[in-house]
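Following our numbering, the numbering of the sequence shown begins with 2 at its first residue and continues without gaps.
We put the CB at the ideal spot given by N, CA and C, even for glycine.
Computed from a predicted model, the values in this text were never measured in an experiment.
Here is the structure we will look at.
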Amino acid sequence: MTQRVDLTTVMDRLAIDAAVTGYAVAVDDGDWAAYRALFTPDGRADYRSAGGVEGPASEVAGWLAGAMELFPVRQHLIVNRRIELQDEYGAPGDRAVVRADFVNPMRLAGAEDPGDATAPNFVAAGRYTFALARTRSGWLFSGVTVHEKWRHLSA
C-alpha cells in the first residue's frame, strides 16, 4: 500500500466515525433535520427489533420524533466500532459497513415535568449495522439497522 492510499483510508475511517457520532448526537438532541441529512436520498432505517418501524430515513425520522417524546433525556453510547471499508483492487472503495454496540439510557417523561428526576429510567442495548456510501457530500448512511438485544426499565 502506498502512503497516499494509507492516508485516504485513515481519512475515510475518521469521516465514517464522525458520521456515526453525528447519528447519536442527532437522535439524542432530537435534531431530525440533522438525522435526515446523514442519509443518502434513498437511505433506509430499520428499528423493528426495538419495536419500531422500517422505511425511508426521511419517514423514519418522523416516527422517531414522535417516539422520542416519551424520553426527554437520551444518551447514545456507541462503542466497539468495527469499520469495514470496501477494497477496490488495493484502494479504498465507495462503500463501508460499521458494526457497533450501543447502550442507550433514557429517562421517561414524568407526569408533571419531562425532566423530573424521579421519573423511571429505560435502557436499551444491542448492535447497530450502519451501511455507508461515499458521496459528493462525504460519507452518508444508505442504511441503519438496529439489532436490540436487551432492555430494562427501572423505577
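So, helix, strand or coil for residue 19, using DSSP? helix
I believe residue 152 touches residue 125 by the beta-carbon criterion, under 8 Å. Please report the beta-carbon distance rounded to the nearest angstrom. 4 Å
Contacts around residue 72, its chain only, beta-carbon distance under 8 Å, and the 5 residues preceding and following it disregarded: 107, 108, 109, 110, 123
Within the same chain, show all residues whose beta-carbon is closer than 6 Å to that of residue 105, passing over the 5 residues directly before and after it, in chain order. 77, 125
CA-CA distance, residue 91 and residue 84? 16 Å
Got a sec? Which residues, its chain only, sit under 8 Å from residue 144 by beta carbon, not counting five neighbours each side? 44, 45, 46, 47, 130, 131, 132
May I ask you to report which of helix, strand or coil DSSP gives residue 32? coil
Start and end residues, alpha helix (DSSP H) containing residue 54: That residue, residue 54, is in no alpha helix (DSSP H); it is neither H nor E in DSSP.
Nonlocal neighbours in the same chain, by C-beta distance under 6 Å from residue 33, ignoring five residues either side: 62, 66
Would you report the Cα separation of residue 68 and residue 56, rounded to the nearest angstrom? 15 Å
State yes or no: is the beta carbon of residue 142 nearer than 7 Å to at least one beta carbon in chain D? Looking at the structure shown, chain D is missing, and only one protein chain is on hand.
If you draw a straight line from the C-alpha of residue 28 to the C-alpha of residue 64, how long is it? 12 Å
Which term fits residue 7, buried or exposed, when burial requires 16 or more other beta carbons within 10 angstroms of its beta carbon? exposed
Using the rule of at least 16 other Cβ atoms within 10 Å of the residue's Cβ for burial, across every protein chain shown, is residue 19 buried or exposed? exposed
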